[in-house]
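Residue numbers (my numbering): 1 to 415. Cβ atoms here follow ideal geometry from the backbone N, Cα and C, with glycine treated the same way. In this text, all values refer to a predicted model and were calculated from it rather than measured experimentally.
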Amino acid sequence: MSSDFKKQALDYHSQPPAGKISVTATKPCETQRDLALAYSPGVAEPVREIANDPEAAYHYTAKGNLVGVITDGSAVLGLGNVGPLAGKPVMEGKGVLFKKFANIDVFDIEVQAKSPEEFVETVERIAATFGGINLEDIAAPHCFLIEDELIERLDIPVFHDDQHGTAIIIGAGLLNALELQGKSIDTAKIVCVGAGAAGIASLRLLVALGARKENIALVDRKGLVRSDRDDLNVFKREFAVDSKKSTLADVMHGADVFIGVSGPDIVSPEMLAVMAPKPVVFALSNPEPEIKPSVANSVRDDLVMATGRSDFPNQVNNVLGFPYIFRGALDTRATRINQAMQIAAVHALAALAREPITDEVLRAYRLEKLEFGPDYFIPKPLDTRLMEYLPPAVARAAIESGVARHDYPNWYPKR
């Protein structure tokens, strides 16, 4: 990061008013009558209604369009365990994206917790405030335990975006990339480097989409996740294999797919060279990918590739998912965001990338032409059709899978 960009970033966040989000009143408060309606004595009327019927909170308060973005600061971006307060700029940023892309309001909550149970209890106690909970930047393996426990305890959607948001975008991109390469997810040999939140969740979703566990090799800092290792947690053991191979270089031989959610420059040209014909490479480490596109393309002219960066084609960007997934969940008052809803989002996102690009998107990215192919198989974040494709798909899946408590309002075109 250049010193000039660092200064711009700090200035952006510090110029008055400091931070990136604020609370804005949605009702008039200009006259004595307005005040009487907004607070005392008028506010007593909705209080009575909600006391008699808790569901009335969705009618009389902002709960139904309010998401809590909550962290303990233990895995913030690539910066690690910087603590909850230092994670606040990221949580505010998440609020900006929720509002910008899906018109969802956010309170960001930074929790100082000594244990996963303490974190869970804190969130449980404040959950009545929200229509949904977006967990963010919580380190593995605690993130799995925290999410599972909150899903069981709460009757509103709980979604750890670092797990499922990343997994959904990877799933959509991979389905399209494999199609371009003439391959199928049920036969593809997949190597995943990174056994944290994103890696485990992505593999789980890929299996739900048709990938076979026997074709998956998961690699962590100590090498291939093998069944004979005695250092595996229960989540890694889910993808442990019986094998004599031990290194990333070993498992890259003949692989159809590489998914990296780990660190920079860990894939060598030699590793890429021994992958199967027409490989798919998702090098998603940020800001530096596991192998740079310039290096990858110099080694193989038959690959298709995605990264986590906006300055390369096919960016795996979570903003393609979480605002619209929550929009569909909130609009149906879903009790959870289940796997059926996640799979619906995958297929909707994949389908959008195959549609002809709009002039609006071309102008936004200063492009003359863009079409489905090696340089475009994941939609662009500024494609406004995301709102048309994803929320209805997620909402229908919520209704069909039995977790919706409300019919889907016909606010967006359905496809």
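Is the CB-CB distance between F372 and A345 below 8 angstroms?
-> no
Cβ-based neighbour list, P141, same chain, cut-off 7 angstroms, excluding 5 preceding and 5 following | N233, F235
Cβ neighbour criterion (16 or more within 10 Å) applied to P136 | Position check: residue 136 holds Glu in this sequence, whereas Pro was assumed. So E136 counts as buried.
Which residue or residues does DSSP assign as beta-bridge partners of I70?
-> I109, L135
Short check: CB of A319 to CB of G173, under 8 angstroms?
-> Going by the sequence as given, residue 319 is Val instead of Ala. No; because the gap between Cβ atoms is not below 8 angstroms, this pair is not in contact.
Beta-carbon contacts of D186 that lie in its chain and below 8 angstroms, excluding the five residues immediately before and after = G210, A211, R212
In three-state DSSP terms, what is I216?
-> strand
Any alpha helix (DSSP H) of 4 or more consecutive residues that is wholly inside the segment 340-407 | 359-364, 386-400
Take K278 and list the residues in its own chain whose beta-carbon comes closer than 6 angstroms to its own, dropping the five residues that flank it on each side.
-> Q181, D302
What alpha helix (DSSP H) runs, 4 residues minimum, are completely inside the segment 261-317?
-> 269-273, 293-299
Would A393 pass as a contact of T332 if the rule is Cβ separation under 8 angstroms?
-> no
8 angstroms contact criterion, which V193 and E290 should meet: CB distance rounded = 7 angstroms
Counting Cβ pairs closer than 8 angstroms, one from the segment 67-80 and one from the segment 41-53, do we hit at least three?
-> no
Can you have a look at R389 and say buried or exposed, based on whether 16 or more other CB atoms are within 10 angstroms of its CB?
-> Checking the displayed sequence, the identity of residue 389 turns out to be Tyr instead of Arg. Its Cβ being crowded by 16 or more others within 10 Å, Y389 is buried.
Start and end of the beta strand (DSSP E) containing F159?
-> 158-160
Could you tell me whether the Cβ atoms of T71 and M91 are closer together than 8 angstroms?
-> yes
Buried or exposed: which applies to Q163, given that a residue is buried once 16 or more other Cβ atoms fall within 10 Å of its Cβ?
-> buried
Tell me whether the beta-carbon of R336 lies closer than 8 angstroms to the beta-carbon of V158.
-> yes
Excluding the 5 residues preceding and the 5 following C29 in the sequence, name in chain order all residues of the same chain whose CB lies nearer than 6 angstroms to its CB.
-> A38
So what does DSSP say about R226, is it helix, strand or coil?
-> strand
Can you name, in chain order, every residue of its own chain whose Cβ lies under 7 angstroms from the Cβ of G131, other than the five neighbours on each side?
-> K63, G64, N65, L66, V67, I156, L330
Look up G80 in the DSSP assignment and give the residues it is bridged to.
-> V76
In angstroms, rounded to a whole number, what distance separates the CA positions of T26 and S40?
-> 17 angstroms
When burial is assigned at 16 or more other CB atoms within 10 Å of the CB, is Q342 buried or exposed?
-> buried
Considering C192, what are the terminal residues of the alpha helix (DSSP H) in which it resides?
-> C192 -> not in any alpha helix (DSSP H); beta strand (DSSP E) instead, spanning 190-193.
Do the segment 362-370 and the segment 190-207 touch if we need at least three Cβ pairs shorter than 8 angstroms?
-> no
Between the CA atoms of F119 and G87 - distance to the nearest angstrom | 15 angstroms
Hey, quick one: how far does the alpha helix (DSSP H) through V47 stretch, first residue to last?
-> 44-52
Rounded to whole angstroms, what's the CA-CA distance from N176 to E124? Just pull it up for me.
-> 39 angstroms
Closest to V96 by CA distance: which of F322, L349, I21 is it?
-> I21
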